[in-house]
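Peer 1:
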Amino acid sequence: MRKLFTLLLLPAFCHINVSVYAQSGKVITGKITDKSSNAVLSGVTIAVKGTSVATQSDANGEFKITADPNQVLVFRYIGYDGKEVIIGQQNNVLINLAEQNTALDEIVVIGYGTAKKVDLTGSIARVTASDIVKQPALNAVQSVQGKVAGVNIIANEAPGSAPTVVIRGVGTALGGREPLYIVDGFPVDNITNINSADIVSIDILKDASSASIYGLRAANGVILVTTKKGKVGRAQITYDGYVGAKGILNRVKMANANEYVTHFNENLKGIGTTSGFLATDQANNTDWYDELIQTGMVTNNVVSLSGGSDVVDYFFSYNNFTEKGITEGSQYVRNTIRNNNTYKFFDNKLKISQTLNISFANDRNKPLSAFDAAYRQSPLVPVQYANGRYGRPIYNKTTGEATYVLGAGEVGGKLNDTGNPVYENMMQQQYNKNMSIQGGLQAEYQITSDLKFTSRLGVTQYFSQNRGFNNIKDRYLNTDPLNTATEFEQLKAQNPTSLTYANNSLNIAKTQTFRWTWENFLSYQKSFGKHNLDATLGNSREKSGIGDMSDLTGYDVPNQEQYWNINFASSQYTKQVNQTYYTPRALISYFARAQYNYDSKYYLTATVRRDGSSTFKASGDYYGIFPSFGAGWTVSNESFMQGSGIDFLKVRANWGRLGNQNVPLNISQVLSSPGSDNYNYVFGPGQDLIFGAAYGSPARNLGWEVTEESGLGVDFTLLNNRLSGNIDYYNKTNTNVILEVTPLLNSAFSQRYFDHGGKVSNKGIELGLNWTDQINENLSYSIGGNYSYNKNILKDVEPAYDGAIGGSLNNGQITKQLKENQPIYAWYMYEAVGVWQTDAEIAGGVATTGAKPGYLRYKDQNEDGVIDENDKIFHGSYLPSSTFGLNLSVNYKKWDFTAQGYGVAGNKIYNGLKGTRVDGGENITKETFDNRWTGAGTSNTHPGAAHDALASSYYLESGAYFRINNLTLGYTIPKLYNSSSKIRMYVTAQNPFIFTKYTGFSPEISGANSGIPSETAGIELSAYPTTRNFIFGVNVSF
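Take a look at the structure:
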């Protein structure tokens, strides 16, 4: 380890100026400053035009370079306008660079290269480090929320979790929905293991024209992350840290004990029961949320060292992130180490860059079902009884008391089937340890002044170990407060090999995954008078997969955590050992892109990528071609626009095709003998196959899903570049959409399989406006807003697949259906039109079988006099049609203030917590109790205590909300002891306010299984509540 750290830190001490290349001419020296402030600029690139000779300015803004008198020096610096100077007889030059006037002049990452935003023909958005640092989060993508039109970020507040990202709508039913993440040129699964403070920028390729350079993996958009590098100059040390407290943003108030008793007894009366009523005087009034929830804490500490010289630039950082969740025992701890170095040879003609990110994460997660249980469990149940056992939903039916004590002749009963949330939270002892190593090596060689060759190799290794301990004996004792340890031991003795009576079980699951990527490409940049050409040509090879997966279970290990080891398991029980090997996926690709513009007025871009994926080897159709085209016209550069008052105006048009290879497959194979170790041999791509049987079906082979998208856009700046904005329209169609098929009884297929069965259309508009103004030297501000509208429709569905159901609830109800000309897996259920008031009204109307006064009333859609499946209708989508964000920033002297908000509209959320109550023994919200039906004329909105549990529009609520997700006030003390040192202190309120009509915990939910449309996406079940966080932090640099 000491040798490793020595190697990582070595560049920091390599300020040795070694001349490895010499050229003729005279030595030119100079100094570079900011034109407006006269501050020195370090890291400015100075090149001799038409040659590969180049250098950079040092910490004092000074430089030295050798050139001939007739040559031209070119000065370039990110964020500033470039400048060219003829050398002539000058030996020393003073250069002032002007800061770029508009955001359109900034440099963005476009995949295998960079470009000025002003030169783009596609839709690319950027979020910079200054935006990321103002919204502290484990995953930097969270900072994008509300800042980019067309990008819907759905936060997940559980410790260690990543947000869900949807770019320009959902276009697949069963395939992968997440964008492709590229970090410093290398693909990764997500960026949760990357320290947010290490990130320079996040560039989002939203349209097919921009993303087609990544072909088969880019159907859901591409997120390009660039991490920090060292700069020429003196060493700089920074520290960034914050500490914060977390609590629930929107807590649901539940009925208290007296209200629960009233509701419970009303339910019994409503269903015609004459006994088992609860007494009005109860011993307990448990607030389960108070018992379950604690104040969470988060701390983050980052220290970095960076600098550079003529031969090496270096960056090193260490980060510790610790988050304690809002439930007892939940915790996530991550430590990351990053080292990025760039070595320069032959006067920058050859650059060798190395990136390394090592992450260690420990996660103690707790069951999300505990939040459901806290919602449902009766307040009459105590957390613990006097004998130390945990409370159960049982009561004395004879006396009506919520107790397990029964006298002679008394009868016991249960209130519901919900568990004790505190006990369930305590008993889940699941510990996850993860380690990831991401490394990359890149060589850039400037062959000529116009031609550059780049080769890079990236490797990722991921190791995880999940350890779960289940105290079987303790669960037995707490199933019934009267159970005893003696009884358990007697049962254990009577059943010596039964796993039901083992004291405990320990499960250890280990997974090792890998990915390597090797890419080589040429970059060509050349100007011919007013003609400008930028071209890229290259190839890529990638291999990834699960190298090994094992699952071991042992029994009767010691209860103390330090002894939780499979080797300590009792030999009385057979250990369960499963090991699975997977076939890795391979990808080979060729790509090319040409960007041309004439006189910065007329732009053309053409891109093509050819991908071959082993995933589709069985189909014999390995390869797909993914082209795109873009065109632009900078109208403001035309002579007829001079004096128009428009600073910049550009129109764009583009088209492109993308693919999605992350799809389910059909595989039919017979597995070989298990051998002595129960190996599960796998011959197909990426599938977990079970020994001894055929898996999959003989249905036709599948290919990737295909996305075709066309778009139009306008970029503009007005009023001396103070007002900037953009408007985009897109039309995106996903074809070859894979759907799951349930065979008919007379089908040749005996099991469900997948097939290409439809298209998904997403059409929308995106608007962005930003006003930036400098009032005086002390006061500046900016106000920005964005809005996007997206219409999602399922089209051209094969008849065999039209009508597939989804959104299954744990009470057996179905809430969604796949139907042509509807949003993908739209809400499909009965329409509730009120509450039955009297028996006479029921007799004269159309009601469900067994309906009684107080039951919900459903509309007879087809007017056939019967309420059945034919009366279900569509009720919109869980997907928002509109998303919007507002951003305000004010700087006054040493103070800075930031306010950010985000919202959605046009969607509906199914209140699954309320909608899956299966009997009157579960608790209800205070609002439902106060407004329930209690007799004729009392309520035509909320049903009575006794009612059916059919899925209906009664449980659908508006998912619209607007949340202030960030308020930050900071104060900076500059020049602590030199011109580059400073300290900034700040306080931040994250999610302090939310405006919504939704009555559940949070309308911002993706659902389980990462929001699969056919499952619980848009249904509030087992969801982690949105939290409100208050943070204090400091940023120090010197």
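Quick note, the numbering used here runs 108 ahead of the 1-based positions in the sequence shown.
Note that beta-carbon positions come from the ideal geometry of N, C-alpha and C, so glycine has one too.
Please state the DSSP three-state secondary structure of G738.
Peer 2: strand
Peer 1: Residues in its own chain within less than 6 Å of L996 by CB, not counting five upstream and five downstream?
Peer 2: I891, A1007
Peer 1: Under 8 Å between the Cβ atoms of P271 and N247?
Peer 2: Between P271 and N247, the gap from beta carbon to beta carbon is short of 8 Å.
Peer 1: Using DSSP with H/G/I as helix, E/B as strand and the rest coil, what is N786?
Peer 2: Reliability fails at N786, whose pLDDT of 41 lies under 50, so the model's placement of it is uncertain and the value that follows must be treated cautiously. Correct three-state label for N786: coil.
Peer 1: Compare the C-alpha of G521 against each of P177, I616, G952, R500 and name the closest.
Peer 2: For the options P177, I616, G952, R500, the alpha carbon positioned closest to that of G521 is the one of R500.
Peer 1: Please list the segments of the alpha helix (DSSP H) lying wholly inside the region 1033 to 1117, counting only runs of 4 or more residues, in order along the chain.
Peer 2: The DSSP assignment places 1034 to 1038 as complete runs of the alpha helix (DSSP H) inside the region 1033 to 1117, in order along the chain (cut-off: 4 residues).
Peer 1: Are the beta-carbon atoms of D729 and G811 separated by less than 8 Å?
Peer 2: yes
Peer 1: Using three-state DSSP, classify A248 as helix, strand or coil.
Peer 2: helix
Peer 1: Confirm, please, whether the CB-CB distance from V1095 to L1084 is below 8 Å.
Peer 2: no
Peer 1: Residue ranges of each alpha helix (DSSP H) run of no fewer than 4 residues wholly in the region 255 to 335, ordered along the chain?
Peer 2: Scanning the region 255 to 335 for uninterrupted alpha helix (DSSP H) segments of 4 residues or longer gives 316 to 319, listed from N- to C-terminal end.
Peer 1: Is G1011 near Y1069, with beta carbons less than 8 Å apart?
Peer 2: yes
Peer 1: Please return the same chain residues whose Cβ sits closer than 7 Å to the Cβ of A1053, not counting the five positions on each side in sequence.
Peer 2: H371, E374, N375, G378, G1028, R1040
Peer 1: Relative to the alpha-carbon of A702, which residue among K634, N615, R276 has its alpha-carbon at the smallest distance?
Peer 2: A702 has its Cα closest to that of K634, out of K634, N615, R276.
Peer 1: State the start and end residues of the unbroken alpha helix (DSSP H) segment that holds K600.
Peer 2: 593 to 602
Peer 1: Provide the residue span of the beta strand (DSSP E) that contains S477, from first to last.
Peer 2: Where S477 is concerned, there is no enclosing beta strand (DSSP E), although the alpha helix (DSSP H) it sits in stretches over 477 to 484.
Peer 1: With which residues is N428 paired in a DSSP beta bridge?
Peer 2: According to DSSP, N428 bridges with N409, N443.
Peer 1: Identify the continuous alpha helix (DSSP H) that holds A700 and give its terminal residues.
Peer 2: Taken as a continuous stretch (DSSP letters only), A700 belongs to no alpha helix (DSSP H), being part of the beta strand (DSSP E) at 693 to 706.
Peer 1: Mark Y1000 as exposed unless 16 or more other C-beta atoms lie within 10 angstroms of its C-beta, in which case mark it buried.
Peer 2: exposed
Peer 1: Tell me the DSSP bridge mates of D1004?
Peer 2: N999, G1078
Peer 1: When the Cα of N470 is compared with those of N449, Y451, V441, which residue comes out closest?
Peer 2: V441
Peer 1: Note down the Cα distance separating Q197 from I140, rounded to an integer number of angstroms.
Peer 2: 19 Å
Peer 1: For the alpha helix (DSSP H) containing Q359, name the first residue and the last one.
Peer 2: First, the residue type needs correcting, since residue 359 is Arg and not Gln in the sequence shown. Careful: R359 lies outside any alpha helix (DSSP H) and carries neither H nor E.
Peer 1: Are the beta-carbon atoms of G283 and N809 separated by less than 8 Å?
Peer 2: no
Peer 1: How many whole angstroms separate the CB atoms of P735 and R765, which I take to be in contact at a CB cut-off of 8 Å?
Peer 2: 6 Å
Peer 1: Does A516 pass the burial test, meaning 16 or more other C-beta atoms within 10 Å, or should it be called exposed?
Peer 2: exposed
Peer 1: Take T1036 as the anchor and find which of T682, A363, K191 has the nearest alpha-carbon.
Peer 2: Among T682, A363, K191, the Cα nearest to that of T1036 belongs to A363.
Peer 1: Under a Cβ-count criterion, where at least 16 other Cβ atoms within 10 Å of its own Cβ denotes burial, should H1055 be classed as buried or exposed?
Peer 2: buried
Peer 1: Between the alpha carbons of P177 and A162, how many angstroms are there, rounded?
Peer 2: 16 Å
Peer 1: Quick check: P1133 and E436, are their CB atoms within less than 8 Å of each other?
Peer 2: no
Peer 1: In or out: L202 buried (at least 16 other Cβ within 10 Å) or exposed?
Peer 2: exposed
Peer 1: Pull up the distance between the alpha-carbon of L1021 and that of E1123, whole angstroms please.
Peer 2: 16 Å
Peer 1: Fully enclosed by the region 615 to 686, which beta strand (DSSP E) runs are 3 residues long or longer?
Peer 2: Taken in chain order, the complete beta strand (DSSP E) segments of 3 or more residues contained in the region 615 to 686 are 639 to 663.
Peer 1: Figure out for me which residue from R276, A343, A316, V249 has the closest Cα to the Cα of N301.
Peer 2: V249
Peer 1: Is E885 helix, strand or coil by DSSP?
Peer 2: Assignment of E885 by DSSP, reduced to helix, strand and coil, places it in the coil class.
Peer 1: Measuring straight from C-alpha to C-alpha, what distance separates L827 and H864?
Peer 2: 51 Å
Peer 1: What residue from F992, I846, A955 has the CA that sits closest to D926's CA?
Peer 2: Checking the displayed sequence, the identity of residue 926 turns out to be Leu instead of Asp. Measuring from the Cα of L926, the nearest candidate turns out to be I846.
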